[in-house]
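Q:
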Amino acid sequence: MNIRYFEKDRIFKIDTDHVSYVMAVMDDQQFLEHVYFGRRLGDSDLRYLLRHQEPPFLASQNPGDRGKVLLVMQHELPGELTGDHREGAVTVRTQAGHTALQPYYVSHRIYRGKESLPGLPATFGSEEGTMSLEITLEDPVIHVRFLLTYSVFEDTDAVMRSMRIINDGGQPVRVEKALSLSTDMGCADGDQRPWRLLTLDGMWVRERHMNYREIGYGFQGVSSNRGETSHQEQPFLGLVSPSATQHAGEVYGFHLIYSGNFRGQVERDAYDALRVTLGINPDRFSFVLQPGESFQAPEGVMVYSREGLGGMTHTFHDLYRNHLIRGIWRDKKRPVLINNWEATYFDFDNEKLLAIAREAKECGIEMLVMDDGWFGKRDLDVSGLGDWVVNENKIRGGLKKLVDEVNALGLKFGIWFEPEMISPDSDLYRAHPDWAIRVPDREPCQMRNQYVLDLSRKEVRDTVYDMVAAVLRSANIEYLKWDMNRTLTDFGSAALGAENQDELCHRYCLGLYEMQDRLTRDFPHILFENCSGGGARFDPGMLYYSPQIWCSDDMDPVERLMIQEGTSLLYPLSTMGAHVCVVPNHVVGRVTSFATRANVALAGTFGYELDITKISEEERAAIPNQVALYHKYNDLIRRGDYYRIASYRENHLYDCYEVVSKDRTEALITYVQVLNVPDDRSRILRIPGLDPDREYAVTVEHTGFTAPEEDRTVTLPVGPRARMRGDALMYAGLPMPDFRGDFRSALIHLEEV
Ligand code: DGJ
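Numbering of the sequence shown is given in my numbering, commencing with residue 5 and proceeding in unit increments.
1. Rounding to the nearest angstrom, what Cα-Cα distance links ARG197 and GLY220 in this structure?
2. Spatial neighbours of GLY133 within its chain, please: CB distance less than 8 Å, with the 5 preceding and 5 following residues excluded, ordered by chain position.
3. GLY123 and GLU518 - do their beta-carbons sit closer together than 8 Å?
4. Answer yes or no: the CB of TRP392 versus the heavy atoms of the ligand COA, is any distance below 7 Å?
5. Would you say CYS1 touches the ligand DGJ, meaning its beta carbon is less than 7 Å from a heavy atom?
6. Taking DSSP as the reference, what is the three-state secondary structure of ALA182?
7. Is it buried or exposed, PRO339, if we count other Cβ atoms within 10 angstroms and call 16 or more buried?
8. With DSSP as the reference, label PRO60 as helix, strand or coil.
9. What's the gap between the Cα of LYS118 and the Cα of LEU141?
10. VAL604 and LEU565: beta carbons closer than 8 Å?
11. Report yes if the CB atom of VAL586 is closer than 8 Å to the CB atom of LEU606, and no otherwise.
12. Which residue spans inside the stretch 134–181 form an unbroken beta strand (DSSP E) run of at least 3?
13. Which residues does DSSP pair with PHE35 in a beta bridge?
14. Name the two residues that bound the continuous alpha helix (DSSP H) containing VAL468.
15. On the DSSP letters alone, give me the boundaries of the beta strand (DSSP E) that LEU547 sits inside.
16. Counting C-beta neighbours from all protein chains within 10 Å, is the total for LYS12 16 or more, i.e. buried, or is it exposed?
17. Could you tell me which uninterrupted alpha helix (DSSP H) segments, each at least 4 residues in length, are contained entirely in the stretch 194–234, listed from first to last along the chain?
18. What are the boundary residues of the alpha helix (DSSP H) that includes LEU406?
19. Does DSSP classify PRO239 as helix, strand or coil?
20. Near PRO712, what residues of its chain come up, given a Cβ to Cβ distance below 7 Å and the 5 sequence neighbours on each side ignored?
21. Which residue from LEU738, HIS327, VAL676 puts its Cα closest to that of THR703?
22. DSSP three-state call for VAL586: helix, strand or coil?
23. For the beta strand (DSSP E) holding ALA732, just list the boundary residues, first then last.
24. So, is LEU4 buried or exposed, given that buried needs 16 or more other C-beta atoms within 10 angstroms?
25. Check whether the Cβ of ASP351 sits closer than 7 Å to any heavy atom of the ligand DGJ, and report yes or no.
26. Determine the burial state of GLN568: buried for a count of at least 16 other Cβ atoms within 10 Å of its Cβ, exposed for fewer.
27. Grab me the residues of VAL664's own chain with a C-beta within less than 7 Å of its C-beta, minus the 5 sequence neighbours each way, in chain order.
28. Leaving out the 5 sequence neighbours to the left and right, which residues in its chain are closer than 6 Å to ASP376 when beta-carbon positions are compared?
29. Quick check on PHE417: buried or exposed, where buried means 16 or more other Cβ atoms within 10 Å of its Cβ?
30. I need the boundaries of the alpha helix (DSSP H) containing VAL718, first residue and last residue.
31. Can you give, in chain order, each stretch of the alpha helix (DSSP H) that sits fully within the stretch 516–566 and has at least 4 residues?
32. Who does GLU699 pair with in a DSSP beta bridge?
33. So is GLU503 buried or exposed if we call it buried at 16+ other beta carbons inside 10 Å?
34. When we look at the beta-carbon of ARG465 and count the other beta-carbons within 10 Å, is it buried (16 or more) or exposed?
35. Quick one: using the 10 Å Cβ neighbour count with 16 as the cut-off for buried, is HIS2 buried or exposed?
36. Is the shortest distance between the beta-carbon of ALA605 and the beta-carbons of chain D less than 8 Å?
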């Protein structure tokens, strides 16, 4: 890791172990240009990569054709309307209504460590293991300054970038666009075929499916204008070279550490150059800066891998595990929980919960989580949100009594909240109807019979926070699920003036961060799980506050293969909320074996979400063994390197992935046969990431079965207690179990002997 400025050539060079990011100050007009981002290079003058370095191709020396030069320039921070017709990264409107902007290099500083971003989640690192470069640019006409900050850590190859905009002029200005990332790059591949754009898209119960499209001319990308990350899109852009595979080839990944509206775009111009931008969605956004005020844009992550998608995944996983997630639970095994949502929905009382807790304890489960319905008047989803006081008709004797009884059984206790919401039928709404986000004189849109609270207002945040905190202090609560079950619409705040209404979505996000920051400071011992109607707010911003996030309301293991494949492309397995459900599955109605449901959930945080008092004796009997497997393998799953071996999304037959310990002495392979077809015996899969010179013992774990007719044991074609060399496993492959049936699976353990 190093960051240097080469004075003579005016080049900035940011190096990690395997990656270089190079910029140069060009021309006597002080343009900051992007020169290179890719595989690590030695030190040399790379300015030959810029097509306009010699006169007459300098903008300052070619005023007659200045536009031609600016059009092809690789701008590090493109402004607006200065001859470059591609999408700019920043727009600032003056009092006079103009948006012309050209930021020029002014100065820079290189320092050890990294400064935090006021009010926003951001990566962090130790003073000695982190370096940062802050480059100051300025538009000399409107006197607005831009601080671009780049940071790198010694143990990952990611390059971080954030931006602060400061109004140094004497007049207010309006920031209308402030995209955190903007990179002009060539993306040429030897075979000249276009690169592909990889995005993670979906909907409720089908979140973050991987999708590829060819990068065509013009714009393509992702966005959210729903006030949250959304089920539909992820603030991620992947650029995948034509020859890239899981394990080899060039891949770029761009990700935004933010939980509100975003836009990510790839623009391919007529010269086949790509401009990649990612940041707060300019749609429904603007921010007024009075003289002297500043605006902080969120942090973006840039990853380059020449080891295919898997290499990119390893960088994101290590970055988020070591430099984003915080708190005492980050590196700890989480308690195996049972959640009552799909077991009871709103129909529960203390007796029902205790019955579940008793049975759960017998099976080795460690925590009971009481989901939606315990507060206010809440027997359906039509009322009660905002009234965070326990409903003693359901929880008779009060919350403390219930929690004490659950604790006495030997279980921890967790609870559900939806602090951002308000039901029209609630005491809170009757007292403060103007606290809901809405536009005056218009009937606001209800979703799930609820409105969104205006978290941009301090009095709203404080009132709700105090209610939540009072409940948390009233009993021994050790886990909190923070849910959010609708998108933002009707963008209007009673507290903002006409000039500032477009600030609402970003201010809402800052308010959310402030509440979660307060919560994690006041209750540092609580295991915190974010959630949004399933996985609509699975984003790096939320990971700064909670070490785990609920992945999806779809717990069917087949659907989960695709959801968890896309999620794990960027997010460590330790963050993926995953539970074992009942069958037929409540979303898709599919019947799968209990073992397969557990095997797939073991790739995440692991828990159960079913009525344990009603499942079959055989299923119940399988739980202790599944819990034991969780304890046996969760350290490996949380800390290891994740490899994708085969994808059901691609082959429509089976799925296979693996976690390998960092020292390569141990690995756990999960194999799921979704469809049994004749000739499935030829599934000999190569197992990556091992040490080719070591020998491994290969065993199959027993995870319990549902149907009596299913096999009791799973054997591998190589025999029940095989020993195999790493090179044979890696290059010749391991034949997978031969199941006679669909939805069957196995956990295969490799251990150095
Ligand atoms: C959506 C969540 O994803 C579910 O797990 C559950 O908590 C419900 N909300 C409760 O309303």
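Where a beta carbon is used, it is the ideal one built from N, C-alpha and C, also for glycine.
A: Reading it off the structure:
1. Put simply, the backbone Cα of ARG197 is about 11 Å away from that of GLY220.
2. MET5, PHE157, GLU158, ASP159.
3. The Cβ atoms of GLU518 and GLY123 sit closer than 8 Å to each other.
4. In the structure on display, the ligand COA does not appear, and the ligands it does have are the ligand DGJ.
5. The structure shown does not extend to residue 1, since the chain is modelled only from 5 through 757, so no value can be given for it.
6. Shown here, ALA182 sits in a strand according to DSSP, grouped into three states.
7. Burial state of PRO339 is buried, judged by a 10 Å Cβ sphere holding 16 or more other Cβ atoms.
8. Assignment of PRO60 by DSSP, reduced to helix, strand and coil, places it in the coil class.
9. Cα to Cα, LYS118 sits roughly 19 Å from LEU141.
10. Yes, Cβ-Cβ distance for VAL604 and LEU565 is below 8 Å.
11. Judged by beta-carbon spacing, LEU606 lies beyond the 8 Å limit of VAL586, meaning their Cβ atoms are not closer than that value.
12. Unbroken beta strand (DSSP E) runs of no fewer than 3 residues, entirely contained in the stretch 134–181, are found at 134–143, 148–157, 163–171, following chain order.
13. PHE35 is bridged to MET30.
14. Per DSSP, the continuous alpha helix (DSSP H) segment holding VAL468 begins and ends at 462–478.
15. No beta strand (DSSP E) holds LEU547; the alpha helix (DSSP H) holding it covers 544–547.
16. Counting the other CB atoms within 10 Å of its CB gives LYS12 a total below 16, which places it among the exposed residues.
17. Counting whole runs of 4 or more residues, the stretch 194–234 contains no alpha helix (DSSP H) stretch at all.
18. Unbroken alpha helix (DSSP H) run through LEU406: 403–413.
19. In the structure shown, the three-state DSSP call for PRO239 is coil.
20. Caution applies to PRO712, whose pLDDT of 44 falls short of 50 and renders its modelled position unreliable; the model cannot decide the point.
21. If we check each option's Cα against that of THR703, LEU738 comes out closest.
22. Reduced to three states, the DSSP call for VAL586 is coil.
23. Premise fails: ALA732 is in no beta strand (DSSP E) and is neither H nor E.
24. This structure cannot settle anything about residue 4, because the visible part of the chain is limited to 5 through 757.
25. In terms of side-chain proximity, the C-beta atom of ASP351 is found no nearer than 7 Å to any non-hydrogen atom of the ligand DGJ.
26. Answer is buried; the Cβ neighbour count reaches 16.
27. Taking C-beta separations shorter than 7 Å and ignoring five residues to either side along the sequence, the partners of VAL664 in its chain run GLY644, ASP645, TYR647, ALA671, GLY693, LEU694, following chain order.
28. Around ASP376: TRP420.
29. With 16 or more Cβ atoms within 10 Å of its Cβ, PHE417 is classed as buried.
30. Judged by DSSP secondary structure, VAL718 falls outside any alpha helix (DSSP H); it is assigned neither H nor E.
31. Qualifying alpha helix (DSSP H) stretches, in chain order: 544–547.
32. GLU699 is bridged to ARG729.
33. Label assigned to GLU503: exposed.
34. It is buried - the Cβ of ARG465 has at least 16 other Cβ atoms within 10 Å.
35. What the structure shows of the chain is the stretch from 5 to 757, and residue 2 is not part of that stretch, so it cannot be assessed.
36. This model lacks chain D altogether, as it is built from one protein chain only.
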